[in-house]
Amino acid sequence: MRTRTGTWLTEAYWCHADGQGDPGTPAHPPPTCLLPTAGRAMDWMRACVRNAAGGLDHHPFMAVWRWLNDQDGLDTALARLRDGAGYSFSVDTGFDHRTWSVHPVLLLPLLDDDRSDSS
């Protein structure tokens, strides 16, 4: 993770899924995670959406398929995340509503990296 210039705050990306189905099954990535780069966060989102696509009816499946194949949309999402804006993708399955989102966050350090003993 990179540190914002002149501060002790580390940039990261908080990823979250709602309406994901059973997150305890091995085929599903964790419904919430923290990742160090916008690219890895979008990889996480795309993996979640891809895993959910298998059980969808035709219309929601096609919406997911179009989103997964939209390279310009992916580039725009990455640019938005790197500029500090959040990004989300939603699909209405007919029986529930699924949303995957990524938000840039700043992490506070828990330990000081300068561990030199001044005594």
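So for the sequence shown, my numbering puts the first residue at 640; every next one is plus one.
Idealized CB from N, CA, C, for every residue including glycine.
Since the model is a prediction, treat every value here as computed from it, not as a measurement.
Using the Cα positions of residue 743 and residue 723, report the straight-line distance between them to the nearest angstrom.
By one-based count along the sequence shown, residue 743 stands at place 104. By one-based count along the sequence shown, residue 723 stands at place 84. Their Cα atoms are separated by approximately 6 Å.
Comparing alpha-carbon positions, which option in 719, 733, 688 and 727 lies nearest residue 708?
The residue labelled residue 708 in the question sits at position 69 within the sequence shown. When only C-alpha atoms are compared, the closest one is 688.
If I follow the unbroken alpha helix (DSSP H) through residue 747, where does it start and stop?
Taking the sequence shown and counting its residues from 1, one reaches residue 747 at position 108. Segment: none, residue 747 is in no alpha helix (DSSP H) and carries neither H nor E.
Taking the alpha-carbon positions, what's the residue 672 to residue 727 distance?
Along the sequence shown, read from residue 1 onward, the residue named residue 672 stands at position 33. Along the sequence shown, read from residue 1 onward, the residue named residue 727 stands at position 88. Spanning the two alpha carbons is a distance of roughly 15 Å.
What did DSSP end up calling residue 715 once you bin it into helix, strand or coil?
Looking up residue 715 in the sequence shown gives position 76. The answer is helix: DSSP assigns residue 715 an H, G or I state.
Using alpha carbons as the reference points, say which of 732, 720 and 745 lies closest to residue 680.
Stepping through the sequence shown from its first residue, residue 680 is reached at position 41. Ranking the options by Cα distance to residue 680, first place goes to 720.
Could you check the C-alpha separation between residue 670 and residue 654 for me, to the nearest Å?
What you label residue 670 is simply residue 31 of the sequence shown in a count that begins at 1. What you label residue 654 is simply residue 15 of the sequence shown in a count that begins at 1. Taking the straight line joining both Cα atoms gives about 8 Å.
What residues match up with residue 728 in a beta bridge as DSSP calls it?
Sequence index remark: in the sequence shown, residue 728 carries index 89 (1-based). Per DSSP, 739.
Roughly how many angstroms separate the alpha carbons of residue 677 and residue 683, rounded to a whole number?
Along the sequence shown, one-based indexing puts residue 677 at 38. Along the sequence shown, one-based indexing puts residue 683 at 44. Their Cα atoms are separated by approximately 10 Å.
In terms of residues, what are the limits of the alpha helix (DSSP H) holding residue 657?
Taking the first residue of the sequence shown as 1, we reach residue 657 at position 18. Note, residue 657: premise wrong, no alpha helix (DSSP H); beta strand (DSSP E) at 649 to 657.
Is it right to say residue 705 is buried, meaning 16 or more other beta carbons lie within 10 angstroms of its own, or is it exposed?
Mapped onto the sequence shown, residue 705 falls at position 66. With fewer than 16 Cβ atoms within 10 Å of its Cβ, residue 705 is classed as exposed.
Can you check which of these residues, 717, 732 and 731, is closest to residue 725 by C-alpha distance?
Indexing the sequence shown from 1 puts residue 725 at position 86. Closest by alpha carbon: 717.
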